[in-house]
Structure formats: C-alpha cells, structure tokens
Amino acid sequence: MIETNDVRAWRRAVELGGLGWYARARADAAALRRSPDAVVRSMAASLDASLVRQGGDHRRAAVLDGRAAAEVGLRTASPAAVDALVGLAADALGVGRLSTSTALLTRAAALLARCEPAGESPRAGVRYRWVRAEVAMASGDGAAAERWALSASAAADALDSPRHRVKSAVVRTAAALVTGRDGVRGDARRVRREAEDGGFLPLAWAAAAIGDAAGDPLAAAERARLAAVLRARGGPFD
C-alpha cells in the first residue's frame, strides 16, 4: 500500500481505536471517508464499522461495512475488499446469521487467496482468521475454533504487530473456553495483563470478560474498571 498522507492518517486512526480512544478514532475515520481515494474511504468505513460493532450495534456496522464494500467493489482482489467482506461476516455473526457469515467468509477467502501470494494482505488475513474462529465458536465447534485461532496467531507473528498478536491470544483463550480446556482463567489473566501493558484496553476488557465467563472471581471488577476507562474515551462499553 502506497503511504499517502491519508493512508498514514488511517493507520493513526486504527492505532487510536486499538488503544481504546474511540471518539478520536471515529472522528478521524469520519474525516477519511471524505478522502479522494476510494480505497482509503473503504478502509475508513471498515474501521468505523469495527468500532461500532464493538458496542454490539451489528446492524449499523453492517451499513458501514456495506459502504466499505461499495467503495472498492468485490470483483477485484484487494485487502480493502477482504476487510469489507470480513466485516460483513462479523456483522452477520453478531445477529445470529451463521450461514450468511460463513458464505461471506468463503467469498473473502477467494479474494484473500488472490492477494496473499503477493504478500499484499497480511492484516486482512489475520482478521479473516479471527472471524473464522468466532464463527466456529458460535457453531459450538471448539476444535475448529482453536485451529483458526492458532492460524491467526501464526499469521500475526509474521505480521509483527503487537496488537494483532494480543488479539489472536484473546481469540485463542475464548476458543479454549468453548472447548472447556483447563487453565482458561489463568490464560485470561495473562492475556489481560499483556493487553493492558501494551495499552490495548479494548483487548484487556475482552480478556477480562473471558475470565469472568470462566469463573475468575477477580475478573468482573477488572472488566468494570476497564469499561469505565473506555467509556471516558468515547467507548460503547456498559
């Protein structure tokens, strides 16, 4: 991807979102949706959708992901098109439409296969694997969820992105919860600390939520503490 000013601004907005500065990230994404570059407009809409989806508003996120797809089209293989399809799959999953989510991921995989040989879509490939794992979890297939989560971790290691590595660890821990593996509470605590040390507070909140679901007696308080911080930053946490 050519590093134009708008692409650099998009990267900054993604970083802000990953750190939990929701209001600032969404404001920057809104500004970038007026970019003269259709790819930047698509990526900005996908980012905005991701931030909205974290608050559970999957239908509104789907509108934004649909706009992201419309900006670049889905016939030409590009990381932006893969991102849009993966986002739409996550939106469908959020409202319980598993078959639709799976179909969208199948389309994303076809585009991804055309991008990856040229090394053009490592970030999109990691996100694809996350949502594959989430669909498997929602389907009750813990073994498949763990396979996709491990694949995401390997792809994130190659990407050399601390946030993607931590998010992949969160997904692995969630998959372990679904399979009923021992040690999930300890894993969730470790991932939460790693996320918080990196400043990735939304991921720390997610890890605390997994710990709470696993019965960690301290996790609920940590989840509430992190939610309060994220709300102060414009986040949709309750």
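Following the numbering used here from start to finish, the sequence shown increments by one per residue and tops out at 617. Don't be surprised by glycine CBs; every beta carbon is placed ideally from N, CA and C. Only a predicted model underlies this, so the values are computations on that prediction, with no experimental measurement involved.
- In chain order, V461, V465, L484, A487, A488, L491 place their CB closer than 8 Å to the CB of Y507, counting only its own chain and leaving out the 5 sequence neighbours on each side.
- For the 8 Å CB-CB criterion, R572 and G594 do not form a contact.
- With distances taken between CA atoms, V505 lies nearest to A534 out of G445, A523, A534.
- Of all alpha-carbon atoms in G434, S429, K546, V386, the one lying nearest the alpha-carbon of A606 is that of G434.
- Taking C-beta atoms under 8 Å as the contact rule, V549 and A586 qualify, at a distance of about 5 Å.
- The continuous stretches of alpha helix (DSSP H) do not include V474, and DSSP gives it neither H nor E.
- Here L430 is buried. Its C-beta has 16 or more other C-beta atoms within 10 Å.
- The C-beta of P458 has 16 or more other C-beta atoms within 10 Å across all chains shown, which makes the residue buried.
- With a minimum length of 4 residues, the unbroken runs of alpha helix (DSSP H) contained wholly in the stretch 521-564 fall at 521-538, 541-558.
- Just measuring C-alpha positions, the residue of S414, A417, R390, P415 sitting nearest A404 is R390.
- Taking 8 Å as the cut-off, the Cβ atoms of T552 and A574 do not count as close.
- Under the three-pair Cβ rule at 8 Å, the stretch 553-561 counts as touching the stretch 513-531.
- Looking only at V418, T481, G397, G399, the smallest Cα-Cα distance to T383 is reached by V418.
- In this structure P581 is buried. Its beta-carbon is surrounded by 16 or more other beta-carbon atoms within 10 angstroms.
- In this structure G399 is buried. Its beta-carbon is surrounded by 16 or more other beta-carbon atoms within 10 angstroms.
- Going by C-alpha positions, A471 is about 24 Å away from R542.
- Assigned with DSSP and collapsed to three states, G577 falls in coil, not helix or strand.
- Where R438 is concerned, the enclosing alpha helix (DSSP H) starts and stops at 437-451.
- Taking each of V451, A522, R502, R387 in turn and checking the Cα distance to D536, the smallest one comes out for R502.
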